[in-house]
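Colleague:
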Amino acid sequence: MGEHDVDTAGVVVAAEADAVTVAPSAHTDDSGHESITPNSQRSVTPAEGSAEKTGEEEEATSTIRLHLQLPTSEVIDVQVNVGEMAQELQQLLLERESTCHRTCFTLQFEGKPIDGFTELRNVENLKDGSTIKVVEEQYALRDVRIHLRHVRELCRSFDTTDAAVGRECASLSFVSTLNAYDDKKALGDKPSDFLPPSYLFPGAKERLLEPMIPTKDKDSSVNVVRNISVTSFNPPPGPRKMRGDVLYLAVDTMENRRFHITACNRGFFVNSSTDAVFKPTPSSQFKTVYHSLVDLISAISSTFKKNFPALLKRRIERHAFEKLPTPYQTYGWSVQNQDNADDFLRAEDYTHPHKIGMEDVVPGQIRDWNEEIQTTHELPRGEYPERLIRERAIFKIHTDFVAAAVKGAQQVIDGNVVPINPGDEPRTHMYIWNNIFFSLGFDVKDHYKELGGDAAAHVATSNDLQGVRAYDALDTEHLFTLGMVIVDYKGYRVTAQSIIPGILEREQEQSVVYGSIDFGKTIIGNEKYSELLAKTTEALRIEPHVVKSGKDDDKEVQLHSSFETKGIIGNDRRHYILDLLRTFPPDVNYLEKAEVTEKAAELGYPRKFPHKLAALRHELIDTFIESRYLNYLRHAAMLVNEIKGAKGQAVKAEEVVTAASDVKEAVSEIKKSDEAVEKSEQKLSEETKQIMREAAKEAGSMRDDEFEIRFNPDCYCDFVQHIPVLLEDCRQHQLNPIDGIGLTDAMHARGINVRYLGKIATDVKKDEEAGKDAEGKLDYLRRLCLMELFTRSAKHVFRPYVQDVSPSSFAAAVAHFLNCAFGAQPATNGRAEGPATSPEEATKKSKKGKKKSSSTSSTGTYVGGRKVCDSWNQFTARDFWRKLCADCDSYYGFSIEEDTSEAFFEKHELSKTALLRRFCIMVGIQLVVKDYNLDVSKARQPFSDEDIFNMVPVVKHVDKKSRDATNLFIAGQSRMQQGQFRGAYELIAESLNQMNSVYGSLHPDMGQCLRALARIAYILGEPQEAFVHQHKAVFTSERCLGLDHAQTISDYIQLAHFTFANMRIMASLRILYRARYLLLLAFGEQHPLMSQIDANIGVILFAMNEHDVAYKFLENARQLHDHFMGSKQNLKTAMIYHLLARVCSHRGDFRQALQMERVTYDVYDKSFGADNSRTKTSSNCLKHYLNQAVNLQKSIDGAAKRGQLNADLIPKPLPQLTIHEILEILNILNGIIFIQVPKNEASTSETKPSTEKTEEKPTDDVDLD
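Here the numbering used here is used: position 679 in the sequence shown is 742, and no number is missing along the way.
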């Protein structure tokens, strides 16, 4: 069923994404997420606090049993919560196998229809044991179309076309296929069934793309009907309309027969029409009128009758997360070629540019997005239930707006929307589609001429979105921001915004009542805006400042924001702010001729940059202020200690912290009301006041009596550097980014802008030259920075390259660009020579019409109001590399020394496949899944126009959050760090429930909760529960983030661990193989995470007696671990060496086993001492290997003298590890380590109640130097 399906009574039927199970089991939440916590132990909501439930609350959570009587006289018993809405009963029927194909019905109790939005407890006389009838209703045209779409969705339940190409919020997931193997049967199969394919072995050079999309079984799809369409005989003529005809359909069955069907008020019947003749009377062969189209097709098609029940059964068996839509569309960069099957409804949806997606639900109406966005913003936010309703409404409207904005932006770039200013230059065109305003990211009328032109206009939209995010996060009452989405599509940047009521009816000068409309020449002030914005200045660290108005009166204007910020009062009397591009202070390091600190000057700043709108991130500002505040406290504490020392008082080192806390108390005293301040002045000594003044001065405070730092967004600001912190986090393995997305997220979280990417790469190289490799090598981070520099600079080259390409040559032009970037490049004197080979078809065309091509390239043609040409085929690999190197130096301050891209890849050992993946994701290219052999030099270029599947939009928007749920999750994480796992589980489970109420069942934040719940459940001794939660977490990552996202890879590793804990060995191996394959695609083999994956694979293969293959993976894990850990040794080091020793002993290589085990012994002895059980076990292993090595050598020498060498000479190794021992090893490898703690500490940590003196407490892996 579609997302907005509606029944005949006008009740909106929620989509499956919003479905709530009506009869949950004893340990299942409303979200469908299972829990090990009994209901009696669940934590209460924030609104309930610690108070006990009232009578009304107990009534709201009580359950009753109802009987649903179907039209077929079948009765269904359900257990429901009286606080639920009747709509959820309707959803239950739509999910049930026997009733899922019925859409046009109402629920009636005692002869009266029940409104879908009525809570069951409000239905009069409804009680436990009552019977509710399901009554079939008559069809209207709207109901027929909804029913038709629902039947189509049922018939296409296993069609992955939409998921593969990225439509209708569908996306692919393959984790269920990895867990669908019966391990008990597989254990007796051939070894090849559980050994990895050749391209996954350590050291393999192949990087195949085809395994990205696992092939399906032949019987995975069930065909029930060929096509259901609307015929050209519509609409019904007057006489037939008077007889109840609503719509005429045509059904093509699997038996290659076509039936013409009439949809009337009573249902569906077969008429006597043919393709050429209209004859609406009922067919003589099939006269029955069926209320459901499914029942009718079952009567006319034997194949449908046979296969449809099997289809429904398999549909019910599918995991719910495979069927639910995601909140935002997820696109894959590699796609299988799809069969373009006949589908009338799809054709209707995607061939009508005017369709907005709501026609079947609210025909003839168009949504007022701005009113919906602002109305949800004004909803009550006092009590918890009110906040929950408000957050749910905000998120729902926002996701709908994003989807509509993305669709509109694509229509704009494809030339299907007429601009509102068609007479102006195409670059300045503006559009309105579906009540959304669209503009292009160009410098319109030279507004940004002095700031960098088009480069400044492009980044201004990103800065504006950052400002919208900041003000939206504050959620200030009576201050409104616009809905805003940025879409990068086919080289163009499109900004979509909701429309302020009345703004299009008057000039800008008449609309703006606050700020400037002429770039600061004249500025307007407004008291109401000053009052509203004053509430935001403290949180945003903005210093209110006075400027001259610039008018004849030259009055002073008080501003609480940048002068660029505009305030507009709409016709709805709401106060809007827009143009928030200067919300955060500028980065003076990229403002040429700006004054910087001496340290920044030594680093080469300020430097020239393509634009002058480089701004600092809010994370950096917060960290800077926090750092200054700590300096303020330290300085005050030092002064307090100096005073105490002068008075002869003993000063201890630990008193510094106490003194700092005393100063904090003194600061809080000053912040009281005026009357309280007068009283506190009597208590505070002059010495304390003087300390606070000196500390404030030392910290650079704006006030002389307390700490306060703010920034004027219209002026320069100080510079703080956090790059060394990032490098140290990577060196300590607290952070291991896998791809460019993870790297940029880590930089942004630490307040570092992407423009500092070149400096990070330079600093890593300097650390390597300085000899810091002993602490752990960061060459993987350097490679990752270089890969991101390459792809981002390539994106900057690609954007103008593709803007002027004609639609007919788009695939060929994109393929040509990829060949220039990644293809074979013949070199002369080290430089790329000549144009890269273009696709064959394009080459033939260019040869045939060379004159015509040159003429076209000079003059061009117009498509959709924009000038296009085919000069792309003159673009060469040398042009690409020259522009990329110039862009890399201009944007990122990084000079590339190599003469060609091939030399660049080889020198720095960069994976072409990983670069191709990142570039395609960054610009929105979808490639056909095939093996392109990028790492093999061939004369023929790897890409042709047939390899370009599509171009998809890259979307940026405000990420709406549930504040209550987020706070609960943070509190749960805090409990985890304190060791209170049961309390943490309850808080995170409650957070998950709230997120489910706000977001639906799929959201990246919910994946974060599921991962935490899985880990806690495993720690609490519930491996099955851990598997269930982690399985859902992987579903969430694959569906919401992508099949090969870095988080998906990490989730796979944890899922394999929990799968093995549930004795599903084969499935755990296949999951680890999948994780290794994805990491090879995303980065390559030389990554710290690969050591963890290979160690896991090696352990499990060793358990299955595949010693030779296990040795290869464990040896690779050891080499990687030693490489990235440097001189540091921890428990993982010891464990990997111990495992290698065991494997070597089973292979008969006792000398090497002895060497490996000696490293393990040294780590344990240094970390725990000689009396520890681990150290003793390792010592015993050393003795065993030594004895076996001596005995083996004696046996070999004796047998050599006798000439009787055979396999029986190899002595027996240590006994094979048990499953429990292997699980303990996996715990250590994956960061779950149990240490012994005293009983009193164990009881406070709430691990497991026990009467023993000691108890094992899990903790994260720490270095044991």
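For every residue, glycine included, the Cβ atom is placed at its ideal position computed from N, Cα and C.
Should residue 546 and residue 432 be called a contact, given that it needs their Cβ atoms to be closer than 8 Å?
Modeller: Start at 1 with the first residue of the sequence shown, and residue 546 comes out as number 483. Start at 1 with the first residue of the sequence shown, and residue 432 comes out as number 369. At the C-beta level, residue 546 and residue 432 come within 8 Å of one another.
Colleague: Let me confirm a value: residue 185 is counted as buried when at least 16 other C-beta atoms fall within 10 Å, else exposed. Which label applies?
Modeller: In the sequence shown, counting from the first residue as 1, residue 185 sits at position 122. Classification of residue 185: exposed, given that the 10 Å Cβ count is below 16.
Colleague: Look up residue 661 in the DSSP assignment and give the residues it is bridged to.
Modeller: Indexing the sequence shown from 1 puts residue 661 at position 598. DSSP lists no partner for residue 661.
Colleague: What does DSSP give as the partner residues of residue 1155 in its beta bridges?
Modeller: Walking along the sequence shown from the start, residue 1155 turns up at place 1092. DSSP lists no partner for residue 1155.
Colleague: Which of the three DSSP states is assigned to residue 561 in this structure?
Modeller: Working through the sequence shown from its first residue, we reach residue 561 at position 498. Looking at residue 561 - three-state DSSP - the assignment turns out to be strand.
Colleague: Pull up the distance between the alpha-carbon of residue 1052 and that of residue 608, whole angstroms please.
Modeller: Working through the sequence shown from its first residue, we reach residue 1052 at position 989. Working through the sequence shown from its first residue, we reach residue 608 at position 545. Between residue 1052 and residue 608, the C-alpha separation is close to 46 Å.
Colleague: In its own chain, which residues sit with a C-beta less than 6 Å from the C-beta of residue 614, not counting the 5 before and 5 after it?
Modeller: Taking the first residue of the sequence shown as position 1, residue 614 is located at position 551. Answer for residue 614: 585, listed in chain order.
Colleague: Quick one: what does DSSP say residue 1170 is sitting in, helix, strand or coil?
Modeller: Start at 1 with the first residue of the sequence shown, and residue 1170 comes out as number 1107. Residue state, collapsed to three classes: helix.
Colleague: Do residue 1122 and residue 242 have their CB atoms nearer than 8 Å?
Modeller: Translated into positions along the sequence shown, residue 1122 becomes position 1059. Translated into positions along the sequence shown, residue 242 becomes position 179. For residue 1122 and residue 242, yes; Cβs fall inside 8 Å.
Colleague: Check whether the segment 361-369 and the segment 377-385 touch, using three or more Cβ-Cβ pairs below 8 Å as the test.
Modeller: no
Colleague: Can you give me the start and stop residues for the alpha helix (DSSP H) that residue 951 sits inside?
Modeller: As a position in the sequence shown, residue 951 is number 888, starting the count at 1. 940-955 is the span of the alpha helix (DSSP H), which, as asked, contains residue 951.
Colleague: Can you tell me whether residue 619 is helix, strand or coil according to DSSP?
Modeller: On the sequence shown, position 556 is the one that residue 619 refers to. Residue 619 falls in the strand class under three-state DSSP.
Colleague: Identify the continuous beta strand (DSSP E) that holds residue 323 and give its terminal residues.
Modeller: If you number the sequence shown from 1, residue 323 lands on position 260. Its beta strand (DSSP E) spans residues 321-327.
Colleague: For residue 336, which option in 351, 312, 353 and 842 has the closest C-alpha, if you only look at C-alpha atoms?
Modeller: Along the sequence shown, read from residue 1 onward, the residue named residue 336 stands at position 273. If we check each option's Cα against that of residue 336, 312 comes out closest.
Colleague: Using a 10 Å radius around the Cβ and a threshold of 16 neighbouring Cβ atoms, would you call residue 41 buried or exposed?
Modeller: Not covered by the structure: residue 41. The range shown for the chain is 64 to 1328.
Colleague: Once you ignore the five residues that flank residue 1161 on each side, which residues in its own chain have a CB closer than 7 Å to its CB?
Modeller: As a first step, residue 1161 is located in the sequence shown; it is residue number 1098 there, counting from the start. So the list reads 1173, 1176, 1177, 1180 and 1202, once near-sequence residues are dropped.
Colleague: Spatial neighbours of residue 194 within its chain, please: CB distance less than 6 Å, with the 5 preceding and 5 following residues excluded, ordered by chain position.
Modeller: Locating residue 194 in the sequence shown gives position 131, counting from the first residue. Excluding residues within five positions, the ones whose Cβ falls inside 6 Å are 130 and 132.
Colleague: For residue 935, does the three-state DSSP call read helix, strand or coil?
Modeller: In the sequence shown, counting from the first residue as 1, residue 935 sits at position 872. Note: residue 935 maps to helix in three-state DSSP.
Colleague: Please state if the CB of residue 943 and the CB of residue 860 are separated by a distance shorter than 8 Å.
Modeller: Position 797 of the sequence shown, counting from 1, holds the residue named residue 860. Position 880 of the sequence shown, counting from 1, holds the residue named residue 943. The answer is yes: Cβ separation under 8 Å.
Colleague: For residue 129, which residues does DSSP report across the bridge?
Modeller: Looking up residue 129 in the sequence shown gives position 66. As computed with DSSP, residue 129 is found in a beta bridge with 141.
Colleague: Is residue 900 helix, strand or coil by DSSP?
Modeller: Residue numbering aside, residue 900 sits at position 837 when the sequence shown is read from its first letter. Low confidence applies to residue 900: its pLDDT is 41, below 50, so where it sits in the model is not reliable, and the reading given next is rough at best. The DSSP-derived three-state label of residue 900 is coil.
Colleague: Locate the beta strand (DSSP E) running through residue 171, then write down its first and last residues.
Modeller: Walking along the sequence shown from the start, residue 171 turns up at place 108. Its beta strand (DSSP E) spans residues 168-172.
Colleague: Could you check if residue 990 is buried or exposed, using at least 16 other CB atoms within 10 Å of its CB as the buried criterion?
Modeller: Position 927 of the sequence shown, counted from the start, is the residue given in the question as residue 990. Result: buried.
Colleague: Note down, in chain order, each residue of its chain lying with its Cβ closer than 8 Å to the Cβ of residue 306, except the 5 sequence neighbours on either side.
Modeller: As a working mapping, residue 306 is identified with position 243 in the sequence shown. Closer than 8 Å at the Cβ level, and outside the excluded window around residue 306, lie 327.
Colleague: Does the distance from the C-beta atom of residue 1292 to that of residue 1159 stay below 8 Å?
Modeller: Stepping through the sequence shown from its first residue, residue 1292 is reached at position 1229. Stepping through the sequence shown from its first residue, residue 1159 is reached at position 1096. Result yes, Cβ atoms of residue 1292 and residue 1159 sit closer than 8 Å.
Colleague: Below 8 Å on the Cβ atoms is my contact criterion, and I expect residue 1088 with residue 238 to pass it. Report the Cβ-Cβ distance as a whole number of Å.
Modeller: For the purposes of this step, residue 1088 is taken as the residue at position 1025 of the sequence shown. For the purposes of this step, residue 238 is taken as the residue at position 175 of the sequence shown. With 8 Å as the limit, residue 1088 and residue 238 do not qualify as a contact, their Cβ atoms being about 17 Å apart.
Colleague: Assign residue 192 to one of two classes, buried (16 or more other C-beta atoms within 10 Å of its C-beta) or exposed (fewer than that).
Modeller: Position 129 of the sequence shown holds residue 192. By the 10 Å Cβ count, residue 192 comes out exposed.
Colleague: Inspect the CB distances between the segment 1064-1076 and the segment 482-492 and report whether three or more fall short of 8 Å.
Modeller: no
Colleague: Measuring only the C-alpha atoms, how far is residue 684 from residue 813?
Modeller: Translated into the one-based positions of the sequence shown, residue 684 becomes position 621. Translated into the one-based positions of the sequence shown, residue 813 becomes position 750. So the alpha carbons of these two residues sit roughly 10 Å apart.
Colleague: Who pairs with residue 678 in a beta bridge, going by DSSP?
Modeller: The count along the sequence shown starts at 1 and reaches residue 678 at position 615. Paired residues: 649.
Colleague: Within 10 Å of its beta-carbon, does residue 856 have 16 or more other beta-carbons around it, so buried, or fewer, so exposed?
Modeller: In the sequence shown, counting from the first residue as 1, residue 856 sits at position 793. Per the 10 Å Cβ criterion, buried.
Colleague: When DSSP labels each residue in this structure, what does residue 1005 get in the three-state scheme?
Modeller: Taking the first residue of the sequence shown as position 1, residue 1005 is located at position 942. Reduced to three states, the DSSP call for residue 1005 is coil.
Colleague: Compare the Cα-Cα distances from residue 206 to each of 478, 301 and 331 and report the closest residue.
Modeller: As a position in the sequence shown, residue 206 is number 143, starting the count at 1. Ranking 478, 301 and 331 by Cα distance to residue 206 puts 331 first.
Colleague: Taking the beta strand (DSSP E) that residue 199 falls in, what are its first and last residues?
Modeller: The residue given as residue 199 occupies position 136 in the sequence shown. Start and end: 194-199.
Colleague: Assuming the contact rule is C-beta atoms closer than 8 Å, residue 1183 and residue 1153 should be a hit. Round their C-beta distance to whole Å, please.
Modeller: Here residue 1183 corresponds to residue number 1120 of the sequence shown, with the count starting at 1. Here residue 1153 corresponds to residue number 1090 of the sequence shown, with the count starting at 1. Contact between residue 1183 and residue 1153 holds, since their C-beta atoms are separated by about 6 Å, short of 8 Å.
Colleague: At what residues does the alpha helix (DSSP H) containing residue 1334 begin and finish?
Modeller: Here the chain covers residues 64 to 1328 and nothing more, so residue 1334 does not appear.
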